[in-house]
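>
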Amino acid sequence: MQRIWIALLCCSVLGVSGCQLTPHAQGLQSSQWGAQHYQRQDQVEVQWKDKSFSFLLYQQQQGQQLSFVALALTGQPLFQLQFDGQMVTVQQRIPQMRLLPFEFVVRDLLFATYPRFDQLGQQNVKVQSIENQQQVFIDGKSILKIQKQANTIELDNLQVPYRMTLSPIENTLNTEQSESAVQP
């Protein structure tokens, strides 16, 4: 009987500690994240293995909270996230996206789109820039390759691997806010 209780206790401890072992996206937390107004809208195409899908992505920051809202091209909400400079909070997502590692997605999007994100105090991050191309190293490993062209940004995650192509779209958010929004 005592062995059963010990086994149950060990399983419980492993189960609880296993929840804490979910990998976190290195290079996401920013010691110098500040309050500002920022907006960006893109059509995003994701290619992973032999699959490809597109969605609309809206980013809007007010104060310290940066919101990400993704919609299918049909208008169906896919996910809604918040980032405060330290952590990503999932506010809404469709069931098919429950296993998507949103911390990594947000980190990759910020390096590709957020102005000077690589200069906001992330630990163990180094960015090499050559003309329109950036390579992001975390702990000395090449993680992201970002190529900025006139109308697109191509992001290659070298770990997973997957590719995102971001094409800016016309600002359709609240026009009062967009006129006062400052691109940092």
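For the sequence shown, the positions run 6 to 189 when the working numbering is used. Where is the CB? At the ideal position from N, CA and C, for every residue including glycine.
(1) In this structure, does DSSP put Ser-172 in helix, strand or coil?
(2) Check the C-beta distance from Gln-85 over to Val-74 and give it rounded, since I have them as a contact under 8 Å.
(3) Which first and last residues belong to the beta strand (DSSP E) in which Glu-159 is found?
(4) Determine the closest residue to Lys-153 out of Gln-44, Asn-137, Val-111, with distance taken between C-alpha atoms.
(5) Is Gln-44 closer than 8 Å to Gln-70 when the C-beta atoms are compared?
(6) Have a look at Phe-60, Gln-91, Asp-47 and flag the residue whose alpha-carbon is nearest the alpha-carbon of Leu-125.
(7) When the Cβ atoms of the region 110–124 are set against those of the region 147–167, are three or more pairs found closer than 8 Å?
(8) Give the straight-line distance between the Cα atoms of Asn-129 and Trp-38, rounded to the nearest whole angstrom.
(9) Short of 8 Å in beta carbon distance, which residues of its chain neighbour Ile-151, apart from the five on each side in sequence? Order them along the chain.
(10) Would you grab the beta carbon distance between Asn-156 and Ser-172 for me? Rounded to a whole angstrom, and I think it's under 8 Å.
(11) With DSSP run on the structure shown, which of helix, strand or coil describes Gln-81?
(12) By the DSSP assignment, the beta strand (DSSP E) with Phe-58 in it spans what residues?
A quick look at the data gives this:
(1) By 1-based counting over the sequence shown, the position of residue 172 is 167. Of the three classes helix, strand and coil, the one that applies to Ser-172 here is strand, per DSSP.
(2) The residue given as residue 85 occupies position 80 in the sequence shown. The residue given as residue 74 occupies position 69 in the sequence shown. With 8 Å as the limit, Gln-85 and Val-74 qualify as a contact, their Cβ atoms being about 5 Å apart.
(3) Counted from its first residue, the sequence shown places residue 159 at position 154. Element bounds for Glu-159: 158–162.
(4) Mapped onto the sequence shown, residue 153 falls at position 148. The option with the nearest alpha carbon to Lys-153 is Asn-137.
(5) Mapped onto the sequence shown, residue 70 falls at position 65. Mapped onto the sequence shown, residue 44 falls at position 39. Contact: no.
(6) Position 120 of the sequence shown, counting from 1, holds the residue named residue 125. When only C-alpha atoms are compared, the closest one is Gln-91.
(7) yes
(8) The residue given as residue 129 occupies position 124 in the sequence shown. The residue given as residue 38 occupies position 33 in the sequence shown. C-alpha separation (whole angstroms): 16 Å.
(9) Within the sequence shown, residue 151 is the residue found at index 146, counting from 1. So the qualifying residues of the chain are Phe-116, Ala-117, Gln-138, Gln-139, Gln-140, Val-141, Ile-158, Glu-159, Leu-160, Asp-161.
(10) Start at 1 with the first residue of the sequence shown, and residue 156 comes out as number 151. Start at 1 with the first residue of the sequence shown, and residue 172 comes out as number 167. 6 Å between Cβ atoms; contact.
(11) By 1-based counting over the sequence shown, the position of residue 81 is 76. Correct three-state label for Gln-81: coil.
(12) Reading the sequence shown from its first residue, position 53 is the one you call residue 58. It spans 56–67 - the beta strand (DSSP E) in which Phe-58 sits, taken as one unbroken run.
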